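Asker: Take a look at the following structure, please.
Number of protein chains: 2
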Amino acid sequence: MSGPIDFYFDFSSPYGYFAAQSIEALGARYGRAVEWHPVLLGAIFKTTGARPLADVPYKGDYSRHDWNRLSRLTGIPFKVPALFPIAAANPSRAFLYVARRDEVNAKRLALALYHAYFVDGRNIGEADVVSAVAAENAFDPVEIGAALVNPAVRDELRHVVGQAEARGVFGSPYFVVDGEPFWGWDRLAMLETWLDRGGF
Amino acid sequence: MSGPIDFYFDFSSPYGYFAAQSIEALGARYGRAVEWHPVLLGAIFKTTGARPLADVPYKGDYSRHDWNRLSRLTGIPFKVPALFPIAAANPSRAFLYVARRDEVNAKRLALALYHAYFVDGRNIGEADVVSAVAAENAFDPVEIGAALVNPAVRDELRHVVGQAEARGVFGSPYFVVDGEPFWGWDRLAMLETWLDRGGF
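Chains as they are written, first to last, in the numbering used here: chain A, 14 to 213; chain B, 14 to 213.
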């Protein structure tokens, strides 16, 4: 088997951020391409009845503690942003706009946006911050700014989120490989076992 | 450090069942005792607003798929019981009653009850099933049956669940070691890293 790994992530999801740092290398070790799909959990949570992690009693505190220790354990820098969570439509649109012509550069932009949010604490939910991060990473900020309000790009994001939901994606990160779903940063090891053994 | 591992589990929790199969061996590898605490997630969910996994759209289906693959991966037998989930007060009371005088035997009873539910599909929520499982495992069924309606044992269960909630336990399995919390079967590897390194 040699199909791609579908990687669903929300730009406002810390566990999505952590997974984004290692999923490409993981795929490469097993000769699998990784297809990135930005999702909006807020929209999907309307169906599942879930709430943002940070709002859930006990679980919210546990999660904040967990993100910081994941950072210590993995060496990946992380800081809970002052504004958290955010609506991730704008960074998602920027990603999709770039991805339509250049997937590699789109992933580079995604990592830069994630870094701006979860390391530098900048509010990437805002269009001008997305454009500024794009400019700092050698993208054309005017072009990106226009993409954020482009109806075709907005439609594409709705389509991507709808497809994810139709596939049963209910959290971030969420992976599908060979039709097999894996939810959560915690399951990267199991996903790797799957790739290593060619299924189980 | 050499404090115990606190292991919180719900008798109706598949991930608790899987964790129960390996937590004693894990503790033993690092010279840590394991203290088992039965909890009732239904009571705790009233505070957190969570719902039983099986009832959550998408997540319920994912979980059922996940339990079956965990069984294949680990070799631990598992079958989703016809009646699932159940209120776990009765098996919890039986456990606490036995644990008060003999912790090792109480763990043996817990594993037998878990097996009766998640392998044989018997409804361990019912008092007479708990007594029957106890009898099959060399406990006195009359004594166990009396314990299930003993006000002191009922009070003790309320106390154990209240203490767990006060500690922030919001799921099953949930572990605390050296004051550090770990939620979920997925985190057994991280818990082991903690024990191996003496913290991180």
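Virtual Cβ for every residue (Gly too), placed ideally from N, Cα, C. All figures in this text were calculated on a predicted structure; none of them were measured in a lab.
Given that a residue counts as buried once 16 or more other Cβ atoms are within 10 Å of its Cβ, and exposed if not, what is arginine 42/A?
Answerer: With fewer than 16 Cβ atoms within 10 Å of its Cβ, arginine 42/A is classed as exposed.
Asker: Residues of chain B with CB closer than 9 angstroms to the CB of alanine 177/A, please, in chain order.
Answerer: Chain B residues near alanine 177/A: none, gap ~10 angstroms exceeds 9 angstroms.
Asker: Applying the criterion that 16 or more other CB atoms from any shown protein chain within 10 Å of the CB defines a buried residue, is serine 144/B buried or exposed?
Answerer: Serine 144/B should be labelled buried.
Asker: Can you tell me whether alanine 147/B is buried or exposed, with buried defined as 16 or more other CB within 10 angstroms of its CB?
Answerer: With 16 or more Cβ atoms within 10 Å of its Cβ, alanine 147/B is classed as buried.
Asker: Where does aspartate 19/B fall in DSSP's three states?
Answerer: Reduced to three states, the DSSP call for aspartate 19/B is strand.
Asker: Could you name the residues of the same chain whose beta carbon sits closer than 6 angstroms to that of tyrosine 21/A, not counting the 5 residues immediately before and after it, in chain order?
Answerer: His50, Val52, Ala177, Val182, Tyr187.
Asker: Tell me which same chain residues have a C-beta within less than 6 angstroms of the C-beta of alanine 46/A, skipping the five on either side of it?
Answerer: Cβ within range, chain order: Pro17.
Asker: Quick check on arginine 77/B - is its C-beta less than 8 angstroms from some C-beta in chain A?
Answerer: Cβ-Cβ to chain A under 8 angstroms: no for arginine 77/B.
Asker: Hey, could you find the ends of the alpha helix (DSSP H) tyrosine 30/A is sitting in?
Answerer: Residues 27 to 33.
Asker: Count the C-beta pairs between the stretch 94 to 114 of chain A and the stretch 156 to 174 of chain A that are closer than 8 angstroms, then say yes if the count reaches three, no if not.
Answerer: With the cut-off at 8 angstroms, the stretch 94 to 114 of chain A and the stretch 156 to 174 of chain A touch.
Asker: Based on DSSP bridge pairs, tell me the residues matched to tyrosine 110/B.
Answerer: Looking at the DSSP assignment, tyrosine 110/B forms no beta bridge with any residue, so it has no partner.
Asker: Go ahead and label lysine 120/A buried or exposed: buried means 16 or more other beta carbons lie within 10 angstroms of its beta carbon, across all protein chains shown.
Answerer: When all chains shown are included, lysine 120/A counts as buried.
Asker: Could you work out which residues of chain B lie near tryptophan 196/A, taking near to mean beta carbons separated by less than 7 angstroms?
Answerer: Simply Tyr75.
Asker: If glycine 40/A sits next to lysine 92/A, beta carbons under 8 angstroms apart, how far is it from one beta carbon to the other, in whole angstroms?
Answerer: Glycine 40/A to lysine 92/A, Cβ: 27 angstroms. No contact.
Asker: Can the beta-carbon of phenylalanine 7/A be found closer than 8 angstroms to that of tryptophan 198/A?
Answerer: Any question about residue 7/A goes unanswered here, given that chain A covers just 14 to 213.
Asker: Is it right to say lysine 72/A is buried, meaning 16 or more other beta carbons lie within 10 angstroms of its own, or is it exposed?
Answerer: Buried, since its Cβ has 16 or more Cβ neighbours within 10 Å.
Asker: Would you report the Cα separation of tyrosine 130/A and phenylalanine 213/B, rounded to the nearest angstrom?
Answerer: Each residue's Cα considered, the two are about 25 angstroms apart.
Asker: Using a Cβ cut-off of 8 angstroms, pull out every chain A residue sitting near phenylalanine 183/B, in sequence order please.
Answerer: The answer, in chain order, is Val69, Pro70, Tyr71, Lys72, Tyr75.
Asker: Consider the Cβ of aspartate 19/A: report whether some Cβ of chain B lies at a distance smaller than 8 angstroms.
Answerer: No, because no Cβ of chain B sits closer than 8 angstroms to the Cβ of aspartate 19/A.
Asker: Could you give the first and the last residue of the continuous beta strand (DSSP E) run that contains glutamate 169/A?
Answerer: Taken as a continuous stretch (DSSP letters only), glutamate 169/A belongs to no beta strand (DSSP E), being part of the alpha helix (DSSP H) at 164 to 179.
Asker: Take the Cβ of aspartate 141/B as the centre, count every other Cβ of all protein chains shown within 10 Å, and call the residue buried at 16 or more, exposed below.
Answerer: With fewer than 16 other Cβ atoms within 10 Å, it is exposed.
Asker: Measuring only the C-alpha atoms, how far is threonine 60/A from alanine 100/A?
Answerer: Those two C-alpha atoms are separated by around 17 angstroms.
Asker: Residue range of the alpha helix (DSSP H) that phenylalanine 58/B falls in?
Answerer: Looking at the DSSP string, the run of the alpha helix (DSSP H) that includes phenylalanine 58/B is 54 to 61.
Asker: Where does valine 182/A sit, in a helix, a strand or coil, going by DSSP?
Answerer: Valine 182/A falls in the coil class under three-state DSSP.
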